[in-house]
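Below: one structure, written as structure tokens.
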Amino acid sequence: MRYTARTHSIVWKNDAPTLAAVAFLEQLLASDNHHVFRLTLQPGMGLVCNNVLHDRSGFVDDPAQPRLLYRARYLDRVGDMQKL
Numbered sequence: 030m031r032y033t034a035r036t037h038s039i040v041w042k043n044d045a046p047t048l049a050a051v052a053f054l055e056q057l058l059a060s061d062n063h064h065v066f067r068l069t070l071q072p073g074m075g076l077v078c079n080n081v082l083h084d085r086s087g088f089v090d091d092p093a094q095p096r097l098l099y100r101a102r103y104l105d106r107v108g109d110m111q112k113l
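Under this note's numbering, the residue at position 81 of the sequence shown is numbered 110, and the numbers go up by one with no gaps.
Put into structure tokens, the structure is as follows:
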């Protein structure tokens, strides 16, 4: 199953298991659970990770330095970064 935090352009199957799963994930992402990592990228920052569950929040671009985001997809998962 794929999950998206988008609230538009998404229609979930209207059955009990799907709606329960979506509700659980929304509650988990909104919680203070120690497995939920929050980060706001600042200029010059980058993030290397597997395609983890994530939400999306609004941002305001600086017209003098608009954001630039590169996204790469890899066949193999990113391993333990501590070992690199």
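Heads up, the beta-carbon is just placed ideally off N, CA and C, and yes, glycines get one too.
Distance, residue j Cα to residue i Cα
i: residue 34; j: residue 51; result: 9 Å
i: residue 100; j: residue 43; result: 32 Å
i: residue 88; j: residue 68; result: 13 Å
i: residue 74; j: residue 93; result: 17 Å
i: residue 70; j: residue 78; result: 14 Å
i: residue 86; j: residue 36; result: 11 Å
i: residue 45; j: residue 57; result: 18 Å
i: residue 64; j: residue 81; result: 11 Å
Distance CB(residue i)-CB(residue j) smaller than 7 Å
i: residue 105; j: residue 96; result: no
i: residue 32; j: residue 48; result: no
Beta-bridge partners of residue i, as assigned by DSSP
i: residue 61; result: Bridge partners of residue 61: none, in fact.
i: residue 94; result: 91
Residue i in three-state terms, based on DSSP
i: residue 71; result: coil
i: residue 77; result: coil
i: residue 48; result: helix
i: residue 53; result: helix
Any non-hydrogen atom of the ligand FMN closer than 6 Å to residue i Cβ
i: residue 106; result: As far as ligands go, the structure on display features none, and thus does not contain the ligand FMN.
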